[in-house]
Every structure is written in structure tokens, then in C-alpha cells.
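The structure appears below as C-alpha cells.
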Amino acid sequence: MPHDLSDYPTVILVHGLFSNGGHWWKTILALKDKGYGIDQINAVDIPLTSIEDDVAVVKRAIEATPGDVILVGHSYAGVVISYAGTDIKKVRGLVYIAAIVPDAGESVSDILAWDPAKCADAIKPTSQGLLYIPPNEYKHAMCQDATADEAFTFATSQKPPKQGLVTEKSGNKPAWKNQPCYYAVSKDDHLVSPATQYKLVQRMPTNKTIELLASHASMNSHPQEIADLILSAAKAAAASAK
Numbered sequence: 001m002p003h004d005l006s007d008y009p010t011v012i013l014v015h016g017l018f019s020n021g022g023h024w025w026k027t028i029l030a031l032k033d034k035g036y037g038i039d040q041i042n043a044v045d046i047p048l049t050s051i052e053d054d055v056a057v058v059k060r061a062i063e064a065t066p067g068d069v070i071l072v073g074h075s076y077a078g079v080v081i082s083y084a085g086t087d088i089k090k091v092r093g094l095v096y097i098a099a100i101v102p103d104a105g106e107s108v109s110d111i112l113a114w115d116p117a118k119c120a121d122a123i124k125p126t127s128q129g130l131l132y133i134p135p136n137e138y139k140h141a142m143c144q145d146a147t148a149d150e151a152f153t154f155a156t157s158q159k160p161p162k163q164g165l166v167t168e169k170s171g172n173k174p175a176w177k178n179q180p181c182y183y184a185v186s187k188d189d190h191l192v193s194p195a196t197q198y199k200l201v202q203r204m205p206t207n208k209t210i211e212l213l214a215s216h217a218s219m220n221s222h223p224q225e226i227a228d229l230i231l232s233a234a235k236a237a238a239a240s241a242k
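Here the sequence shown stands for residues 1 to 242, numbered as in full-length UniProt numbering.
As C-alpha cells, this is what we get:
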């Protein structure tokens, strides 16, 4: 039987590059099975046009939520939640899933350069100034542990970001310096190397870190573990609010 989690914060899920809100579907169902209600989960779609634009979408979602929130960011969305969660009292925790977590002035490309990932070359530019992963390379790069049908669906529904997004410098005062933080490392990640993820974790004051033998899309291949990590953040926030 699911527990009554009605006093837990709303979970706002934020997708990364080459993705969309629907890529969270297994984690959403795992949260539902653990007791989260339909009005306690919000998988937002961000435009992937600039950090400012993407942060604005998440901030609007926070403002539209009646109570406290936990922000969950996958991949590039680690940047987004790090700045959407700054100076907003309703944000009670940050959960990073194989995520880029910048310090002030760092870009996505700065961090990825620490240890180039196995499939970094799978990301291609378009003539329209966007980036994408060719569909026939998507499974190996993003989600080698997904089923063929899942990877087919994800590849054909990917949202391409603007090229400049990966070189855009982040702002000052990232929220991870003063918010409770949680991180899920993907140990078989082909897009953000495990070494980079461990380095990010080492400089963060994380409340809990889990390690998954997973691709970059661990929210699809390990939804139960990701949901449990989110619940750890939500439970701690609910307890501290009493």
C-alpha cells in the first residue's frame, strides 16, 4: 500500500538536453506507486534556448505551486535547478540526476571538458544553430540500457537545444551552496562521464549520493532508485517543516 505523502513537497522534474518532460514517465509512475498524488508531481518542459529562459519556466512552476517544492534536474537541468532554486523559500531541496552542477561562471562545456565522455562526439550541430543526437546513435549515447522501443521513442522525440546553451556561463550564487542536495551518479554514462560526476559530488555538500550502474538516462532504467532518492529529499523537507 502507498503511504500518505500529502504533506510532502511537490516534486518538479526538469529534463535535460535531447529530452523532454515525457522522458520522466517511469519515475513519475514510481512516485505515484510510493504515494505521491497527481497534483504533487510536475514534469515541466523547458525551451532549451538559454539558461535564463529555462530558469524562468521553472520559476513560474515554483510560483504556481501552492506549497514547498523539491527540484529534480537531469543532465543540463542541473544548471537550471541550481539557479531556479536561488533565493526562493519554497524550494526545500535539489536532486541531481547524472547532472551538470556548475559553480559561478562555469558553462556546461567547461565541466564536460574535465573528462570528455565516451559519446561526446555523438552530439552534432544543425544548420539552424541547434544541437542534436542522430537517431541511429541515440541509444548508445543516451540510453544504452533502455529497450529498443524506449530508445526509439526518446530519439524521435528529443528536443534539440540551441548551440550556445552549452557555452553560456552560469550566474552567481548557485543554490546548491545553501540547499540540501542529493545526487545520483550514473556509472555507465556515455554523455557525462562518471569521473566528472564524482568530481561534482566531491565539491558539493550532498546530503545523500547514490551510485547506479546506469546510462545517462537513469530515470528510465532505474526509476525506483531515482524515486527513492527524491523521496529522501522530500521526507527530510517535510520533517524539517514540522
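Glycine included, every Cβ here is placed at the ideal spot set by N, Cα and C.
Can residue i and residue j be called in contact, C-beta distance under 9 Å?
i, j, result
"V166", "G73", "no"
"I100", "V91", "no"
"E106", "N220", "no"
"Y76", "Y182", "no"
"K173", "P205", "no"
"A237", "D87", "no"
"L48", "P160", "yes"
Where residue i and residue j are concerned, what is the direct C-alpha to C-alpha distance, given to the nearest angstrom?
i, j, result
"L17", "A184", "17 Å"
"G78", "S170", "11 Å"
"I70", "Q179", "10 Å"
"E137", "H190", "11 Å"
"I210", "L231", "13 Å"
"L130", "S240", "43 Å"
"D7", "R60", "22 Å"
"H222", "S127", "35 Å"
"F152", "L200", "31 Å"
"G164", "A117", "19 Å"
"G21", "L212", "22 Å"
"K89", "V55", "16 Å"
"K187", "E52", "30 Å"
"S50", "D110", "16 Å"
"M1", "P102", "Low local confidence applies: a pLDDT of 48 at M1 is under 50, so the model's placement there is unreliable, with the coordinate-based value given in what follows. Spanning the two alpha carbons is a distance of roughly 39 Å."
"H229", "A146", "Checking the sequence shown, residue 229 turns out to be Leu, not His. For L229 and A146, the distance between alpha carbons rounds to 20 Å."
Where does residue i sit, in a helix, a strand or coil, going by DSSP?
i, result
"P125", "strand"
"S193", "coil"
"S215", "coil"
"N172", "coil"
"N20", "coil"
"I51", "helix"
"K59", "helix"
"N136", "helix"
"S75", "coil"
"Y182", "strand"
Tell me which same chain residues have a C-beta within less than 6 Å of the C-beta of residue i, skipping the five on either side of it?
i, result
"L5", "G35 and Y36"
"E63", "none"
"M142", "H216 and A217"
"T196", "W114 and D115"
"T65", "T10"
"N42", "I12 and A61"
"Q144", "S215"
"Q40", "T10"
"A234", "Y8, P9 and I70"
Quick one: what's got a C-beta closer than 8 Å to residue i's C-beta in the same chain, skipping five residues either side?
i, result
"I133", "F18, A122, I123, K124, A141, M142, A155 and Q158"
"V58", "I12, V14, V44, I46, L71, V80, I81 and A84"
"A120", "L112 and L191"
"E225", "A184, I210, L212 and S218"
Whole-angstrom Cβ separation of residue i and residue j, contact assumed at under 8 Å?
i, j, result
"T27", "A214", "That belief does not hold up - the Cβ atoms of T27 and A214 are roughly 12 Å apart, past 8 Å."
"A104", "V192", "Contact flag wrong, Cβ pair sits at about 20 Å."
"L94", "A148", "Not quite, the Cβ-Cβ distance comes to about 33 Å (not below 8 Å), so this is no contact."
Kindly list the residues whose CB is nearer than 7 Å to the CB of residue i, restricted to its own chain and excluding five residues on each side of it in sequence; keep chain order.
i, result
"Y198", "V185"
"E168", "S50, I51 and S107"
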